[in-house]
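In my numbering, the protein residues as written are 7 to 432.
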């Protein structure tokens, strides 16, 4: 046991030194050596290729909004978004237990979500009284019903830019780690002053510690690094200046350490721990915000690749071909904030289903390995029983068109962001 903790502490120290960044370390340090046995590698590749018709992303707000008189039990918690999924096409749940450093799972690294957010605090405490917590409940349920459970970390969630209750103490105590101060105005980066600046080594170290804490504490099948919440990581993006390859390399180094950590844990526990990412489907847009995920693929740093969120830039075939070139399955993210945005034709109609069906059918025809839903939370929704079947979708009336998202919003996040669109803007 002591050797395990010594190893993890040593990795953390090594991580901090190697990610020191420009001006701190004059020469690049060697990346951690990934010591993955052949048996572990084979097991990981088998797990990677598991069938996932639908991946459901749950943002963790099932732990909020308690109704008067509602029983605070594990069963009632699961009834909100999870237990009715049995018998659906959902085969993996990616569970996000909160916003940056504020979570409803147990941790010695992060803070309990709820200071100022009473509804979340109530649920967290009620589950704790029952000897459990949100992530444990979801993980156990998934495994008992033949599903995978991943913990999804929003890599730079910035809801705290507009909600003081979500601004964690860590950010309050380290304002210099953020893009700006409350009240600061930025032309790009979504104007999200509270975003962590990944150009600062302490921010990357903090993110690594959060991921490591969950990975060593829970019996999850993998980690999801959700880079679409929110798509801003380096200070130059905020002012419309270029994010450089040097910035991309910092993020890639973080991924190397996460891979080394998950491999070590997998070797110890005797089963794989996968790494999934959600990224912009344009490699050009992604690099422009500091995400060189083509390099991640080349180095075998990720296992599952999900594309799109707010925006859809290119034909699905492009992302499919890239991922499959490296043996990585590709999932099409269908997000409520894009597919049925009020800016999209037909989104305001009583029946929005054709928009979902058309987008999913188009993705399946392009060769995706499954559908990933975002901001779809009703477990009884018909979408969870149709989107995972290309055969069913082909029989349904649906507009087969690309829904790109709003051009102005692309520019709001990244100067010149709309120039990466190769699809007709809808």
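Just so it is clear, CB atoms sit at the ideal spot from N, CA and C, and this is done for glycine as well.
**Prompt:** So the beta strand (DSSP E) residue 156 belongs to, where does it begin and stop?
**Reply:** 154-160
**Request:** Counting only the same chain and skipping the five closest in sequence on each side, list residues whose C-beta sits under 7 angstroms from that of residue 128.
**Result:** 72
**Message:** Within 8 angstroms, do at least three Cβ pairs link the region 185-196 to the region 222-230?
**Reply:** no
**With 16 other Cβ atoms within 10 Å as the buried cut-off, status of residue 243** = buried
**Message:** Beta-carbon within less than 6 angstroms of residue 266's beta-carbon, same chain only, minus the 5 sequence neighbours each way: which residues are those?
**Reply:** 38, 40
**Prompt:** Could you give the residue range of the beta strand (DSSP E) that holds residue 100?
**Reply:** That run of the beta strand (DSSP E) goes 96-101.
**Request:** Report buried or exposed for residue 361, applying the criterion of at least 16 other Cβ atoms within 10 angstroms of its Cβ.
**Result:** By the neighbour-count definition (other C-beta atoms within 10 Å, threshold 16), residue 361 is a buried residue.
**Whole alpha helix (DSSP H) elements within the region 307-384, 4-residue minimum** = 322-331, 342-345, 359-371
**Message:** So, with DSSP's three-state summary, where would you put residue 146?
**Reply:** helix
**Asked** For residue 334 versus residue 409, is the C-beta spacing smaller than 8 angstroms?
**Response** In this structure, residue 409 does not lie closer than 8 angstroms to residue 334 by Cβ.
**Message:** Ignoring anything shorter than 4 residues, give me the alpha helix (DSSP H) runs that lie fully in the region 239-275, in order along the chain.
**Reply:** 241-245, 251-275
**Request:** State whether the region 83-99 contacts the region 148-160, with contact taken as three or more CB pairs (one from each stretch) at a distance under 8 angstroms.
**Result:** yes
**Prompt:** Among 179, 178, 318, 306, which one has its Cα closest to the Cα of residue 415?
**Reply:** 318
**Prompt:** Along the chain, where does the alpha helix (DSSP H) that runs through residue 400 open and close?
**Reply:** 396-400
**Selected residue, minimal CA-CA separation from residue 283, among 61, 43, 359** = 61
**Prompt:** Regarding residue 210 and the ligand HEM, is the C-beta to nearest heavy atom distance less than 7 angstroms?
**Reply:** Of ligands this structure carries none, so the ligand HEM is not represented either.
**residue 49, enclosing alpha helix (DSSP H) - first and last residue** = Element bounds for residue 49: 44-54.
**Of the listed residues 49, 313, 134, 364, nearest to residue 289 (C-alpha basis)** = 313
**Asked** Measuring CA to CA, which of 420, 94, 405 is closest to residue 440?
**Response** With the chain running from 7 to 432 in the structure shown, residue 440 is simply not present.
**Prompt:** Buried or exposed: which applies to residue 185, given that a residue is buried once 16 or more other Cβ atoms fall within 10 Å of its Cβ?
**Reply:** buried
**Item:** Residue range of the beta strand (DSSP E) that includes residue 416
**Value:** That residue, residue 416, is in no beta strand (DSSP E); its alpha helix (DSSP H) goes 413-419.
**N- and C-terminal bounds of the alpha helix (DSSP H) containing residue 219** = 207-223
**Prompt:** Out of 106, 375, 210, which has the shortest C-alpha to C-alpha gap to residue 175?
**Reply:** 106
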